[in-house]
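> Keeping their order, the protein sequence lines are chains A and G.
The numbering of the first sequence is the numbering used here, which starts it at 109 and goes up by one.
The numbering of the second sequence is the numbering used here, which starts it at -13 and goes up by one.
Using N, Cα and C, we set each Cβ at its ideal position, and we do this for glycine too.
None of these values were measured; they are calculated from a predicted model.
I am attaching a structure below and will ask some questions about it afterwards.
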Amino acid sequence: MAEEWPLFEVFLRGRRGLNHVHVGSLRAADARMALTHARDLYTRRNEGVSIWVVRSADVTASSPDERDPFFEPSGDKVYRHPTFYDIPDDVPHI
Amino acid sequence: MVDGRRHGDDEEFAEGRARFEETIAADRRVEPRDWMPEAYRATLVRQIAQHAHSEIIGMQPEGEWITRAPSLRRKAILWAKVQDEAGHGLYLYGAAETLGADRAELTRALLEGRQKYSSIFNYPTLTFADVGVIGWLVDGAAICNQVPLCRTSYGPYARAMVRVCKEESFHQRQGFELLWTMVRGTEAQRAMVQDAVDRWWWPTLMMFGPPDAASPNSARSMAWRVKRHSNDELRQRFVDMTVPQAERLGVTLPDERLRWNPERGHYDFGAPDFAELARVIAGDGPCNAERVRRRAAAHEEGAWVRAAARAHAARRGE
Ligand SMILES: [Fe+2]
Ligand SMILES: [Fe+2]
C-alpha cells in the first residue's frame, strides 16, 4: 500500500449554466474524501455549485507544446471561421 | 546511432530552451509540462514550498488564540482566517506538486529543517492585540509580496496566488477592525495595541527579506519574472501604505527615522536589524523550536488517520 494518498484534480462549476473548470489539485485517500476535501479547500466562499474530482493519474493529456503537430490539422482551415467569407456590407443579420 | 540520438536530444533541448526564453520574454506563462531549465524548476520548488510551509506554520501563532478569543464573533472570524491559511498552504503544495515535487517529501523537508518558512512566525503572540496586529501588518505585508506574484511566470503558482490574494483582504481588514475596536476602548486596551505594534513592526519589515544589495538570487528571479519587484521596493511600498493607517489608528510606529520625504515622494525609514533576521532564519528565533515541534506532533498524531483512510480505500477497492 502506498504511503501517500493519491493526487486528485479538482473541477468546479461556479454556478449553473457554466462549465466545470479546473481549479487545482489535492490529496485524498479516495474519491469520496477528495470531494469533501475539495469542498473545504476550493469552495469556502460559495465558489462552486458542483464539483468533479478525478485521479491525476487517470488524466490523459496532449503534449504541452502549442506548436505540436497534434494541432496542425486545424491550422490551415481558415474557411472554418466566419471571417473567411466576403459578404456585401448591406446584407442584414448575417 | 548513439551519436545521432544525442544530437537529436541536443536539438530538442535547444528548442525547449528557445521556447522557454520566448515565453518569458513575451510575459506569457510557463505551464507544468513545458520544458524549463532545471534551475528555474528548483528555484520555484524552493520558493513555493517555503511559501506553503509559511502558511501552515503561520496557523500556529494566531491559532493559539482561537480558544481565548474574547467573543463568539471574534472566535468565528479567527477560526475562518486560520482555516484560510491552511487552504493557502494546500493551494501552494498543489502548485509545487505540478513541478514534480512530492507533498510528503516537502513535509519531511520542513520537519527536518531542510526547507525554511517565513521568519515572522517565530515570534510569540502575547496578547489578543497581537491577533489584530498580525492581520493588519503581517497579512498586509504578505499582500504586498503576493499581489505581484499573481503575475509570476509559472502558471500554477500565479493562479494559486490569485486565489490567496482574494482571501487575504479579509485577513487584513479583520485585523484592522479588531485594532480599531480596541483603540476606541479603554486606556489599557490602547496600551495593549501600542505594545503589540512595537513588537511586530520590525519583524514585519524583515518579511521582505534582506536588502537588495545582499540578495544575490534576486536578479535571476527577476530575469525569470518569478519575482517582479525587489525586496527594498516592496518594503518601501508597504511602509508608504501603512503609515497613514497607523495615523488613523492613533498608534506610533517605533522608528525615529520615519518621516515623509517630499523629494522622494516616499517615507524615509530606518533599517531593520538584518542580523536578527539572519539569526531567526538560521533557527534562533524566540519560537522556532516550538513551531517545528508542534508541526511534527500534528503530523505524527495524524498518522493513524492517514493510515486508516488508506486501509478503508483499499478495502473498497479504490
Ligand atoms: Fe495566507
Ligand atoms: Fe493571511
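1. Residues in the stretch 127 to 156 of chain A with C-beta within 7 Å of chain G's C-beta atoms, listed in sequence order?
2. Comparing the C-beta of His39/G with each C-beta of chain A, is any distance below 8 Å?
3. Taking all protein chains shown into account, do 16 or more other C-beta atoms lie within 10 angstroms of the C-beta of Trp51/G, making it buried, or fewer, making it exposed?
4. May I have a chain-ordered list of the beta strand (DSSP E) segments no shorter than 3 residues that lie completely inside the stretch 157 to 218 of chain G?
5. According to DSSP, is Ser164/A part of a helix, a strand, or is it coil?
6. Are any of the Cβ atoms in chain A nearer than 8 Å to that of Arg(-9)/G?
7. Kindly indicate if chain G contains any beta-carbon less than 8 Å away from that of Leu113/A.
8. Could you tell me whether the Cβ of Pro172/A comes closer than 8 Å to any Cβ of chain G?
9. Just confirm the distance between the C-beta atoms of Asp13/G and Arg211/G, as a whole number of angstroms; I'd bet it's less than 8 Å.
10. Can you find a CB in chain A that lies within less than 8 Å of the CB of Arg243/G?
11. Which residue wins for smallest C-alpha separation from Arg245/G, given the options Val229/G, Asn203/G, Ala82/G and Pro272/G?
12. DSSP puts Phe119/A in a beta bridge; with which residues?
13. Taking CB distances under 8 Å as the criterion, tell me whether Arg159/G reaches chain A.
14. Hey, does Leu76/G have any beta-carbon neighbour from chain A nearer than 8 Å?
15. Per the DSSP calculation, Asp254/G is bridged to which residue(s)?
16. Applying a beta-carbon distance threshold of less than 8 Å, which residues of chain A neighbour His285/G?
17. Which same chain residues end up closer than 7 Å to Ser139/G when comparing Cβ atoms and leaving out the 5 residues on each side of it in sequence?
18. So the candidates are Ser155/G, Gln132/G and Glu154/G; which of them puts its Cα closest to the Cα of Ala144/G?
19. Skipping 5 residues on each side, what residues in its chain have a beta carbon closer than 8 Å to that of Thr29/G?
20. So, does the CB of Asp116/G fall closer than 8 Å to a CB anywhere in chain A?
21. Would Gln36/G and Lys102/G qualify as a contact pair, given that the criterion is a beta-carbon distance under 8 Å?
22. What are the complete beta strand (DSSP E) segments, minimum 3 residues, inside the stretch 266 to 293 of chain G?
23. Measure the C-alpha to C-alpha separation of Glu(-2)/G and Asp20/G and round it to an integer number of angstroms.
24. So, Phe107/G versus Arg277/G, is the Cβ gap smaller than 8 Å?
25. Counting Cβ pairs closer than 8 Å, one from the stretch 169 to 182 of chain G and one from the stretch 229 to 239 of chain G, do we hit at least three?
26. For Ile159/A, count neighbouring C-beta atoms within 10 Å of its own C-beta (all shown protein chains included) and say buried if the count is 16 or more, exposed if not.
27. Cβ atoms of Val161/A and Ala137/A: under 8 Å apart, would you say?
28. Relative to the C-alpha of Pro47/G, which residue among Ala297/G, Gly256/G and Ile120/G is closest?
29. Below 7 Å on C-beta distance, what does Ala299/G contact in chain A?
30. Between which two residues does the alpha helix (DSSP H) holding Lys61/G run?
31. Output the distance between the C-alpha atoms of Gly161/G and Ile42/G, rounded to the nearest integer angstrom.
32. Could you name each continuous beta strand (DSSP E) segment of 3 residues or more that falls completely within the stretch 110 to 140 of chain G, going from the start of the chain to the end?
33. So, at 8 Å on beta carbons, what are the nonlocal neighbours of Arg188/A in its own chain, with the 5 sequence-adjacent residues on each side left out?
Here's the rundown:
1. Per Cβ criterion, the list reads Gly132, Ser133, Leu134, Arg135, Ala137, Asp138, Ala139, Met141, Leu149 and Arg152.
2. Position 53 of the second sequence, counted from the first residue, corresponds to residue 39/G. Taking CB atoms only, His39/G has no neighbour in chain A less than 8 Å away.
3. Translated into positions along the second sequence, residue 51/G becomes position 65. A buried status is given to Trp51/G, since no fewer than 16 other beta-carbon atoms sit within 10 Å of its beta-carbon.
4. Entirely contained in the stretch 157 to 218 of chain G, not one beta strand (DSSP E) run reaches 3 residues.
5. Mapped onto the first sequence, residue 164/A falls at position 56. Three-state result, Ser164/A: helix.
6. Indexing the second sequence from 1 puts residue -9/G at position 5. The pLDDT assigned to Arg(-9)/G is 44, lower than 50, so where the model puts this residue is not dependable; a value taken from the coordinates is nonetheless given after this. Answer no: the Cβ-Cβ gap between Arg(-9)/G and chain A never drops below 8 Å.
7. Counting from one through the first sequence, the residue named residue 113/A turns up at place 5. Note that residue 113/A is Trp in the sequence shown here, rather than Leu. Put simply, the CB of Trp113/A is near chain G, with a gap under 8 Å to one of its CB atoms.
8. In the first sequence, residue 172/A corresponds to position 64, counting from 1. Residue-level contact check: Pro172/A touches chain G, since one or more beta carbons of chain G fall below 8 Å from its beta carbon.
9. Translated into the one-based positions of the second sequence, residue 13/G becomes position 27. Translated into the one-based positions of the second sequence, residue 211/G becomes position 225. Under the criterion of beta carbons closer than 8 Å, Asp13/G and Arg211/G qualify as touching, at roughly 7 Å.
10. Translated into positions along the second sequence, residue 243/G becomes position 257. At least 8 Å separates the CB of Arg243/G from every CB of chain A.
11. Position 259 of the second sequence, counting from 1, holds the residue named residue 245/G. Nearest C-alpha to Arg245/G: Val229/G.
12. By 1-based counting over the first sequence, the position of residue 119/A is 11. DSSP lists His130/A and Trp160/A as partners of Phe119/A.
13. For the purposes of this step, residue 159/G is taken as residue 173 along the second sequence, with counting starting at 1. Arg159/G is outside the set of residues whose beta carbon lies under 8 Å from a beta carbon in chain A.
14. In the second sequence, counting from the first residue as 1, residue 76/G sits at position 90. Contacts with chain A at 8 Å (Cβ-Cβ) include Leu76/G.
15. Here residue 254/G is taken as the residue at index 268 of the second sequence, counted from 1. DSSP, once it has assigned bridges, lists Arg245/G as partnering Asp254/G.
16. Walking along the second sequence from the start, residue 285/G turns up at place 299. Within chain A, no residue comes near His285/G; the closest Cβ sits about 13 Å away, beyond 8 Å.
17. What you label residue 139/G is simply residue 153 of the second sequence in a count that begins at 1. Contacts found: Ile10, Arg15, Val16, Trp210, Arg211 and Val212.
18. In the second sequence, counting from the first residue as 1, residue 144/G sits at position 158. Ranked by Cα distance from Ala144/G, the options Ser155/G, Gln132/G and Glu154/G are led by Gln132/G.
19. On the second sequence, residue 29/G is found 43 positions in, with the first residue counted as 1. Cβ contact annotation for Thr29/G (same chain, cutoff 8 Å, sequence separation greater than five): Asn203, Arg206, Ser207, Trp210 and Val212, in chain order.
20. Looking up residue 116/G in the second sequence gives position 130. It does not: the Cβ of Asp116/G has no partner Cβ on chain A nearer than 8 Å.
21. Locating residue 36/G in the second sequence gives position 50, where the first residue counts as 1. Locating residue 102/G in the second sequence gives position 116, where the first residue counts as 1. Yes. Within cutoff.
22. DSSP runs (the beta strand (DSSP E)) wholly in the stretch 266 to 293 of chain G: none.
23. Along the second sequence, read from residue 1 onward, the residue named residue -2/G stands at position 12. Along the second sequence, read from residue 1 onward, the residue named residue 20/G stands at position 34. Going by the C-alpha atoms only, they are around 12 Å apart.
24. For this step, residue 107/G is matched to residue 121 along the second sequence. For this step, residue 277/G is matched to residue 291 along the second sequence. Yes.
25. A contact is defined here as three or more CB-CB pairs under 8 Å, and the stretch 169 to 182 of chain G meets this definition with respect to the stretch 229 to 239 of chain G.
26. Here residue 159/A corresponds to residue number 51 of the first sequence, with the count starting at 1. Buried, because 16 or more other Cβ atoms sit within 10 Å of the Cβ of Ile159/A.
27. As a first step, residue 137/A must be located in the first sequence, where it is residue number 29. As a first step, residue 161/A must be located in the first sequence, where it is residue number 53. For Ala137/A and Val161/A, no; Cβs fall outside 8 Å.
28. Taking the first residue of the second sequence as position 1, residue 47/G is located at position 61. Minimum Cα distance to Pro47/G is reached at Ile120/G.
29. Mapped onto the second sequence, residue 299/G falls at position 313. What Ala299/G touches in chain A: Ala137 and Asp138.
30. Within the second sequence, the letter at position 75 stands for residue 61/G. The continuous alpha helix (DSSP H) containing Lys61/G extends over residues Leu58 to Glu83.
31. Stepping through the second sequence from its first residue, residue 161/G is reached at position 175. Stepping through the second sequence from its first residue, residue 42/G is reached at position 56. Distance between the alpha carbons of Gly161/G and Ile42/G is about 19 Å.
32. For secondary structure counted as the beta strand (DSSP E) over 3 or more consecutive residues, the stretch 110 to 140 of chain G holds no complete run.
33. As a first step, residue 188/A is located in the first sequence; it is residue number 80 there, counting from the start. Hits under 8 Å: Ser182.
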